[in-house]
Structures are given as structure tokens and as C-alpha cells.
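K.L.:
Numbering (this note's numbering), first residue to last: 3 to 468.
#1: To the nearest angstrom, how far is the alpha carbon of residue 292 from that of residue 92?
#2: Taking the continuous alpha helix (DSSP H) assigned at residue 88, which residues delimit it?
#3: So, helix, strand or coil for residue 199, using DSSP?
#4: To the nearest angstrom, report how far apart residue 266 and residue 70 are at their CA atoms.
#5: Among the candidates 377, 155 and 339, whose CA atom is the shortest distance from the CA of residue 370?
#6: Under 8 Å, with one C-beta from each stretch per pair, do the region 97-110 and the region 126-144 reach the 3-pair mark?
#7: Of the choices 389, 312 and 406, whose alpha-carbon is the least far from that of residue 363?
#8: May I ask you to list the residues that DSSP assigns as paired with residue 379?
#9: By Cβ distance below 7 Å, which residues in the same chain neighbour residue 98 in space, the five residues on each side in sequence not counted?
#10: Specify the secondary structure class of residue 470 as computed by DSSP and reduced to three states.
#11: Which ranges would you report for the alpha helix (DSSP H) in the region 119-143 if only whole runs of at least 4 residues count?
#12: Give me whichever residues DSSP pairs with residue 189 in a beta bridge.
#13: Take residue 136 as the anchor and find which of 244, 158, 208 and 205 has the nearest alpha-carbon.
#14: State the DSSP-derived secondary structure class of residue 107, mapped to helix, strand or coil.
#15: Between 226, 196 and 150, which has its C-alpha nearest residue 209's C-alpha?
#16: Quick one: using the 10 Å Cβ neighbour count with 16 as the cut-off for buried, is residue 433 buried or exposed?
#17: Which residues in the same chain have their Cβ closer than 8 Å to the Cβ of residue 81, if we skip the five residues on either side of it in sequence?
#18: In angstroms, rounded to a whole number, what distance separates the CA positions of residue 116 and residue 389?
#19: Between residue 397 and residue 412, how many whole angstroms is the CB-CB distance? I'm expecting something under 8 Å.
#20: Could you round the C-beta distance between residue 322 and residue 385 to whole angstroms and report it? I think they count as a contact, below 8 Å.
#21: Which residue wins for smallest C-alpha separation from residue 191, given the options 232, 145, 395 and 230?
#22: Considering only residues of the same chain and omitting the five flanking positions on each side of residue 452, which have a CB-CB separation below 6 Å?
#23: What three-state label does DSSP hand residue 282 in the structure shown?
#24: Tell me whether the region 277-284 and the region 305-319 touch, counting them as touching only if at least three CB pairs, one residue from each stretch, are closer than 8 Å.
#25: Grouping DSSP H, G and I as helix and E and B as strand, with all else coil, what is residue 10?
#26: Would you kindly work out how many angstroms separate the C-alpha atoms of residue 392 and residue 379, rounded to a whole number?
#27: Whose C-alpha, out of 153, 188, 422 and 445, is nearest the C-alpha of residue 7?
#28: Should residue 174 be labelled buried (16 or more other beta-carbon atoms within 10 Å of its own) or exposed?
#29: Run through the DSSP bridge pairs and tell me what residue 462 is partnered with.
#30: Can you give the Cα-Cα distance for residue 213 and residue 176, rounded to whole angstroms?
Written out as C-alpha cells, the structure reads:
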């Protein structure tokens, strides 16, 4: 089993003055957009969460109208919060008392584990299950590359998505901004489509047709908005390979929703158990991995009427992060309860069986934190995010509590996967940590695996692998 103690240090190439001496430097990276979202947020304070509607005169609504509006805008928990607000207590004490009784019942049911997942879906609870580290405070909340040409979407803490091309700068980046788009948790470009991106957020799904005339300050709106059932916030989504189906999950819903955006139809995949938290569709379109907020996780077979296989993590944990190999034959995942990297193998539309005729989950890497240099720098611990490069040669791991990035070499064979520790990457300072990572897809004019790193300082770095 691979271990972090064998990692070697890779010098931070941004600290070397001579470009030729920088590790894995390629001239093409010089043409990538230089992005520092922290600088952009500071330079554009007026652009943060300001919409034209905020300048209208406030209207004093009645109690029932406020409660109804809260339900349609924020769902059950916002309604309960409004019913128990000081203003409602003053105007309609009976409604406030009814709200208190409902809250007491739900609190008792949760404590007795009658309704273990009946909790208010606060931003703090959303942050617990998304793959972005320190999601609540991170300048960059999500990154998404277009699959067909050079186009990077960056979601910021200001609820604005900025679209960068090779010729973009902070002043010329396309901006996607709407009051219907807050607390962004995920994004995905639609496959086989040049300009459509979907953004998952507190309100549901926002579909955008990207237009290079959309700049900060201009009024614009998504082309479509799909509200999640029961007004729940979206926490994970994945397109299938051909862009005809979009799978979504919410930590408040036990069902996985399969959307068909072109027809507006949706199909729920229902199973008893805890709500969903994380989705990963296999590159070959055959399998859909679905984690939950508890120990249970499933893999759905997309070609056999959505049949499913069920597993459980170790006690007290849930699947924090997962990724598929580029060939779709291997799934790697890490539990929140233990720093161990696990492998699940898929071959010819079936899971390999062990001698006991059970599906086999194998540990392949020990991610326990260890000191790796003379300064006693720690790498490892509970994992935050996994990313596998498009060639299948490198696996990248970030962590919840330590600041370095671990890189493993992977060797994929038809019936086997080998993994070994390679090196680790660090930020410009000891305090800087990665909040989100992803690989740029392979394009016709670029066959290098380029890792994109959103650091806690707000800067975005590109790292090219061999």
C-alpha cells in the first residue's frame, strides 16, 4: 500500500526567477490567464452581491404573505424561521407559538434519530459536504473547464461566475451574475455544447448561454432556472457523457434527480436511506456513483433500468470525495472517518467479485499525516478532494487540515491498478492551502495534463505534468 512518507518535495515553481529552471514549466502556461480573485474582489467591492432590485423601496408585507414568500424562496426551513421571527411574534403570536412547537418536535425527533436528517440546511452544513475546502470563506468556491475549448469558469464567494479565455483579463472576463444564483456549490459545462454552463446553487439549477458581452454591471439572467424539489439547495451535479442527462443531489433529499433539460423532464432515483451529497458519473457513461451524508453510498447501473449496488463506509464516516479513472474501470474514494484511499473496480459492465462473491473494496494508499522535511512540514490526514489526470498517470489529493498537495503516480492495467507516492506541491507561503483543484481537459492543441489549483489566497495556479 502506498504511503505519504515516500513523497519528495517539488520546488514551488513560482518562486524561481528563471522560467527555464521552474519545475515542469512549459511556454504555453505563460498564455494562460493570470487570475487572483482576491484582488478582483477588493478592486470591485461594488460588484459583490449588489443587484438592481436592491434599490427599490421596501414594502411592509403581512405575516401570511411573508411566510408564503419565505416558503417559495427558501423552502420549509426558511418558512419556519420566518414564523418564529420577532416580527411575527409581535404581529401573530399564535403562528409563532405553532412554529415553536414544530421546531421542538423536529429537534426531539432528530435527537432520538427518528428523523436523523431533518436538520436545517444552513450554509455551514452545506460546507461540510462540498469538495471545496473552507467553502464558506474561500474566495474561489468552484472551478470548471469547458470540455472542448479553452474556457475556465471561476465561481467566487460573491456569487459571481467569471469566464476566462486565453485572452481574458480581470477587466474583460465574461460575468454571470443573477439574484437567483447564490451560495454556488458546483458548476458543469454541458458536453457537446460550446457555450452552455449550468450552475448549482441555493436556488437550484441556473442554465446560462455564455455570451462574451456579459460583463460586470450589465443586467442579465440565466436562460433557464430549474428549482430543486421542495426548494432544497443543490450540493452536487454531473452531466452524462453526451450531455442529455444531468444528475443532481441535495443533502436534504433522499432521491437523486435525473434531469432532461431539453424537455424539462426529471426522473427521481429513489431509495430508502440518508440524503445524497456527492455524484460522480463514469467517463464511459455506464455508472453513476452517489454518496450520502451518512455511511451509505451506491453505484447505479445506467444501462440496466437504474439498478444499484449498495455499500457502507466505516463507522462514523461518509464518502468525502471520489473520482473515476479516465478509462472508467476504477473508482477511488476516501471516507471522512479514516485517511485511507480505497479502490473499487469495474470491468465489462460488472463489478469484480471476491471469493465470497461480494464486491471487493481494496485499500491502496495510506493518507495518514506525516512529516516530510527538516521543517517538520505535515502532509496528509483526512482527505478533502481527489483529482485524476486525463491520461491516467497522476492522482492528486488535497487535505482538510494540512496545506500541501500530494501527487501519486498511477499505472492502469486492464484488471489492476498500481499506485506509488511521487511528490508534493506547496503554496507560496506556509499558510497558503489549496481550496479546490481540477484538471484541464485534453484539447486538440494541448495534450498535456494541466492541474488547476485555487489557493486560499485567491490566486489560481496552473501546473503541467509530464
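Glycine included, each C-beta is placed from N, C-alpha and C at the ideal position. Predicted model, so just to flag it, every value in this text is computed and none were measured.
P.N.:
Checking against the coordinates, here is how it stands:
#1: The residue given as residue 292 occupies position 290 in the chain shown. The residue given as residue 92 occupies position 90 in the chain shown. If I take the Cα positions, the gap works out to 45 Å.
#2: Position 86 of the chain shown, counting from 1, holds the residue named residue 88. From DSSP, the alpha helix (DSSP H) with residue 88 extends over 88-93.
#3: For the purposes of this step, residue 199 is identified with residue 197 of the chain shown, where counting begins at 1. In the displayed model, residue 199 falls within a strand according to three-state DSSP.
#4: Start at 1 with the first residue of the chain shown, and residue 266 comes out as number 264. Start at 1 with the first residue of the chain shown, and residue 70 comes out as number 68. Using only the alpha carbons, I get a separation of about 25 Å.
#5: For the purposes of this step, residue 370 is identified with residue 368 of the chain shown, where counting begins at 1. Measuring from the Cα of residue 370, the nearest candidate turns out to be 339.
#6: Short answer: they don't touch.
#7: Within the chain shown, the letter at position 361 stands for residue 363. It is 312 whose Cα lies nearest to the Cα of residue 363.
#8: As a first step, residue 379 is located in the chain shown; it is residue number 377 there, counting from the start. Residue pairing for residue 379: DSSP places it in no beta bridge.
#9: Counted from its first residue, the chain shown places residue 98 at position 96. Exclusion of the five residues before and after residue 98 leaves 85, 86, 90 and 91 as the residues of its chain whose Cβ lies within less than 7 Å of its Cβ.
#10: Limits of the chain in this structure are 3 at one end and 468 at the other, which puts residue 470 out of reach.
#11: Secondary structure in the region 119-143: the alpha helix (DSSP H) runs of 4 residues or longer, each lying completely within the stretch, are 125-131 in chain order.
#12: Locating residue 189 in the chain shown gives position 187, where the first residue counts as 1. Bridge partners of residue 189 according to DSSP: 201.
#13: Taking the chain shown and counting its residues from 1, the one referred to as residue 136 is at position 134. Residue 136 has its Cα closest to that of 158, out of 244, 158, 208 and 205.
#14: Within the chain shown, residue 107 is the residue found at index 105, counting from 1. Judged by DSSP in its simplified three-state form, residue 107 adopts helix.
#15: One-based indexing of the chain shown puts residue 209 at position 207. Comparing Cα positions, the closest option is 226.
#16: Looking up residue 433 in the chain shown gives position 431. Exposed, by the Cβ-count rule.
#17: To locate residue 81, count along the chain shown from 1; it is residue 79. 69, 72 and 73.
#18: Against the chain shown, residue 116 aligns to sequence position 114. Against the chain shown, residue 389 aligns to sequence position 387. Below a pLDDT of 50, predicted positions are generally treated as unreliable, and residue 116, at 44, falls in that range; no measurement from the model is reported.
#19: In the chain shown, counting from the first residue as 1, residue 397 sits at position 395. In the chain shown, counting from the first residue as 1, residue 412 sits at position 410. Going by Cβ atoms, the distance from residue 397 to residue 412 rounds to 5 Å, so yes, they are a contact pair.
#20: On the chain shown, residue 322 is found 320 positions in, with the first residue counted as 1. On the chain shown, residue 385 is found 383 positions in, with the first residue counted as 1. The pair is a contact, with the Cβ atoms about 6 Å apart (cut-off 8 Å).
#21: As a first step, residue 191 must be located in the chain shown, where it is residue number 189. That would be 145, whose Cα lies nearest to the Cα of residue 191.
#22: Sequence index remark: in the chain shown, residue 452 carries index 450 (1-based). Cβ contact annotation for residue 452 (same chain, cutoff 6 Å, sequence separation greater than five): 442, 464 and 466, in chain order.
#23: Position 280 of the chain shown, counted from the start, is the residue given in the question as residue 282. Strand.
#24: No: fewer than three Cβ pairs fall under 8 Å.
#25: Here residue 10 corresponds to residue number 8 of the chain shown, with the count starting at 1. Reduced to three states, the DSSP call for residue 10 is strand.
#26: Walking along the chain shown from the start, residue 392 turns up at place 390. Walking along the chain shown from the start, residue 379 turns up at place 377. One C-alpha to the other measures close to 30 Å.
#27: To locate residue 7, count along the chain shown from 1; it is residue 5. Of the candidates 153, 188, 422 and 445, the one whose C-alpha sits nearest the C-alpha of residue 7 is 422.
#28: Working through the chain shown from its first residue, we reach residue 174 at position 172. Residue 174 should be labelled exposed.
#29: What you label residue 462 is simply residue 460 of the chain shown in a count that begins at 1. For residue 462, which the question treats as bridged, DSSP gives the partners 456.
#30: As a first step, residue 213 must be located in the chain shown, where it is residue number 211. As a first step, residue 176 must be located in the chain shown, where it is residue number 174. Going by the C-alpha atoms only, they are around 7 Å apart.
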